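>
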Amino acid sequence: MATENNSTIVALSTPGGYSGIAVVRLSGNGSLSIVKDLFKSKQEIEPRVATFGKLYDRTGYIDTAIVTFYQAPNSYTGEDLVEISLHGNPFLCDLLIGACVARGARGAKPGEFTRRAFLNGKIDLSQAEGIADIIYSSSRSAQKASAKLLEGQTGGVIAGLKSTLINIITLLELELDFLEEEISFTPKDKIINQIENLNAEIQSLISSYRFGKMVREGVLCPIIGPPNSGKSSLFNAFLQEERVIVSPVPGTTRDFIEESVGVNGYQFRLVDTAGIRDTIDAVESIGVAKSQDLLNLGDLVLYVLDSSDALTTVPPPLNKQDKDKTIFILNKSDIADEANLERLKKQLSGRRYFISSAKYHIGVHEIAAGMVKYIETFRKQDEPVFITRLRHHEALKRASSCLRTAIQSAKTGNPSEIIVIDLREALEQLDIILGKTTNDDILNNIFSNFCVGK
Ligand SMILES: Nc1nc2c(ncn2[C@@H]2O[C@H](COP(=O)(O)OP(=O)(O)OP(=O)(O)O)[C@@H](O)[C@H]2O)c(=O)[nH]1
Ligand SMILES: [Mg+2]
9 MATENNSTIV ALSTPGGYSG IAVVRLSGNG SLSIVKDLFK SKQEIEPRVA TFGKLYDRTG
69 YIDTAIVTFY QAPNSYTGED LVEISLHGNP FLCDLLIGAC VARGARGAKP GEFTRRAFLN
129 GKIDLSQAEG IADIIYSSSR SAQKASAKLL EGQTGGVIAG LKSTLINIIT LLELELDFLE
189 EEISFTPKDK IINQIENLNA EIQSLISSYR FGKMVREGVL CPIIGPPNSG KSSLFNAFLQ
249 EERVIVSPVP GTTRDFIEES VGVNGYQFRL VDTAGIRDTI DAVESIGVAK SQDLLNLGDL
309 VLYVLDSSDA LTTVPPPLNK QDKDKTIFIL NKSDIADEAN LERLKKQLSG RRYFISSAKY
369 HIGVHEIAAG MVKYIETFRK QDEPVFITRL RHHEALKRAS SCLRTAIQSA KTGNPSEIIV
429 IDLREALEQL DIILGKTTND DILNNIFSNF CVGK
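Each residue of the sequence shown is one higher than the one before, counting from 9 in the numbering used here.
Below is the structure:
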């Protein structure tokens with residue numbers, strides 16, 4: 009009987025709409041027989057050979073097509089899989105999919121092809137996530153990071169940590185097994201040392217997430233500052249278009265507008281915001297409050313000041329983190345007098361700043377280069393991979409916490425069987441990343457974010 013996991017599934021794997029070609033994919037035991045019933049060709053269908061022919065359903069001719077058959081287990085899903093390329097017309101694709109369903113296939117759910125690849129052991133869970141990430145990546149750095157996930161480099165690093173951990177557990181369990189006998193065991197301080205080294209590696213991966221998150225999700229970069237300082241002008245200068253309204257009236261921007269720009273392979277999510285000031289206007293004050301929130305959320309803050317205004321002052325940093333992530337922009341340099349610029353530069357000593365004239369697009373390249381330089385300070389050159397997904401970050405944090413407990417426990421002289429309990433918990437967390445012990449809810453969550461047909 010065809011169950012949920014071995015039924016034959018079918019879906020359009022290319023975006024709906026009109027296009028040169030579209031690809032309909034089937035996976036499961038029935039794939040080949042369903043296609044043979046629909047497809048007429050002078051050649052026999054052979055594995056991994058593109059075969060030209062014509063598609064017919066019971067009502068008649070559908071389209072010409074190329075059929076490629078991938079025989080189990082040498083396919084994306086590990087099952088028999090057929091790809092049918094036909095003309096990219098939604099009506100034709102629906103006809104074909106309907107004909108497949110009439111012959112026993114059922115429509116695939118989002119990510120179901122990849123889910124089967126995972127369940128059939130073709131890929132681990134981190135690779136499945138790499139596939140989703142590569143489909144949605146929108147910058148060179150994100151694409152490179154997802155390729156590492158997809159190719160299993162991230163999974164490989166995790167598997168390496170896992171095997172170190174298994175070795176340590178084995179040493180301790182060996183001791184438990186031969187407790188009665190006269191054998192010398194690895195001394196405890198040596199074991200503690202091994203756990204500490206492992207934990208240091210995990211910590212290093214955990215700290216790589218700050219960079220990895222910015223690569224995968226883009227660098228959230230709010231443009232903040234007093235009203236009328238030129239925030240919207242700078243935003244437009246980055247985008248090289250008049251995207252938002254610029255006017256001499258303070259309080260022009262009330263809502264938030266986000267646009268992405270790519271610089272040196274990184275994606276920056278610039279957000280134009282309302283000027284921060286005390287205001288009695290209800291709508292404007294909502295905007296000002298949201299600007300404050302963005303200041304906290306942003307990965308990197310561009311703080312724009314009007315350098316032509318003698319009343320402009322540099323705000324003091326609220327804390328170390330704000331100080332680090334803020335780049336000041338002394339804008340309107342074209343109409344600023346030298347003395348005022350010098351006064352502001354002095355106030356900014358020890359902090360990062362650039363001088364610009366957003367109205368005339370002057371200084372924008374330098375600011376962009378400064379933004380890239382800031383992001384790259386978080387990149388660890390000696391790490392082969394960095395963590396890009398919150399799920400991995402959380403699992404590694406839990407693993408590290410178990411290891412710290414194990415170290416504490418070993419140092420206080422607890423017996424091996426107690427230490428092993430925490431080490432096994434850490435192992436489980438690493439397995440979660442690879443999908444070895446992942447519950448259905450997590451799997452559903454991961455695969456439901458895929459498109460249908462992948
Ligand atoms: N001379 C000069 N004028 C500028 C420059 N940048 C902005 N302006 C002018 O300053 C005024 C305010 O610019 P906006 O970009 O709207 O300023 P804002 O910070 O977005 O203002 P709010 O949205 O009201 O907070 C406009 O008249 C701009 O043309 C600059 O570099 N030089
Ligand atoms: Mg504005």
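Glycine included, each C-beta is placed from N, C-alpha and C at the ideal position.
A quick note: this is a predicted structure, and the numbers were derived from the prediction, not measured.
DSSP beta-bridge partners for Gln275?
Gly270
> Please determine whether the Cβ atom of Tyr26 lies at a distance below 8 Å from any heavy atom of ligand 1.
In this structure, the C-beta of Tyr26 stays at least 8 Å away from each heavy atom of ligand 1.
> Does the beta-carbon distance from Leu133 to Thr396 come in below 9 Å?
No, the Cβ-Cβ distance between Leu133 and Thr396 is not below 9 Å.
> Looking only at its chain, what residues have a beta carbon closer than 7 Å to the beta carbon of Ala113, apart from the 5 residues adjacent to it on each side?
Thr16, Ile17, Val18, Leu34, Gly38 and Ile42
> Leu305 by DSSP, collapsed to three states: which one?
helix
> From the DSSP output, read off the bridge partner residues of Cys229.
Leu278
> If I'm right that Ile337 touches Leu313 with Cβ under 8 Å, what's the distance once you round it to whole angstroms?
7 Å
> Per DSSP, what kind of secondary structure is Ser364 in: helix, strand or coil?
coil
> On the criterion of 16 or more Cβ atoms from any shown chain inside 10 Å, does Lys152 qualify as buried, or is it exposed?
exposed
> Would you check whether ligand 2 has a heavy atom nearer than 8 Å to the C-beta of Asp280?
Yes, the beta carbon of Asp280 sits closer than 8 Å to at least one heavy atom of ligand 2.
> To the nearest angstrom, how far is it from the Cα of Val3 to the Cα of Asn327?
As shown, the chain starts at 9 and ends at 462. That puts residue 3 outside it, with no answer to give.
> Closer than 8 Å by C-beta to Gln355: which residues in its own chain qualify, once you throw out the five before and the five after it? Chain order, please.
Thr321 and Val322
> Quick one: grab the DSSP three-state call for Glu54.
coil
> Near Gly163, what residues of its chain come up, given a Cβ to Cβ distance below 7 Å and the 5 sequence neighbours on each side ignored?
Asp132, Ser134, Gln135 and Leu442
> Taking the straight line between their C-alpha atoms, what separation do you get for Gly421 and Phe126?
42 Å
> Say yes only if the C-beta of Leu342 is nearer than 8 Å to one or more non-hydrogen atoms of ligand 1, and no if none qualify.
This sequence places Asp at residue 342; Leu is not what is there. Asp342: yes, Cβ under 8 Å from ligand 1.
> Here's the rule: buried if 16 or more other CB atoms are within 10 angstroms of the residue's CB, otherwise exposed. What is Leu46?
buried
> Can you give me the Cβ contacts of Leu179 inside the same chain, cut-off strictly under 7 Å, excluding the 5 residues immediately before and after it?
Thr194 and Ile199
> Measuring CA to CA, which of Pro234, Ser357 and Lys196 is closest to Ser299?
Pro234
> Within this structure, are the beta carbons of Glu211 and Asn175 separated by less than 9 Å?
Just to set this straight, residue 211 is Gln in the shown sequence, not Glu. Not a contact, by the Cβ cut-off of 9 Å.
> Would you report the Cα separation of Leu431 and Leu182, rounded to the nearest angstrom?
15 Å
> Which residue spans inside the segment 22-92 form an unbroken beta strand (DSSP E) run of at least 3?
27-35, 59-65 and 68-78
> Rounded to a whole number of angstroms, what is the C-alpha to C-alpha distance between Ala107 and Phe99?
12 Å
> Given a threshold of 16 other Cβ atoms within 10 Å of its Cβ, counted over all protein chains shown, does Ser315 qualify as buried or as exposed?
Classification of Ser315: buried, given that the 10 Å Cβ count is 16 or more.
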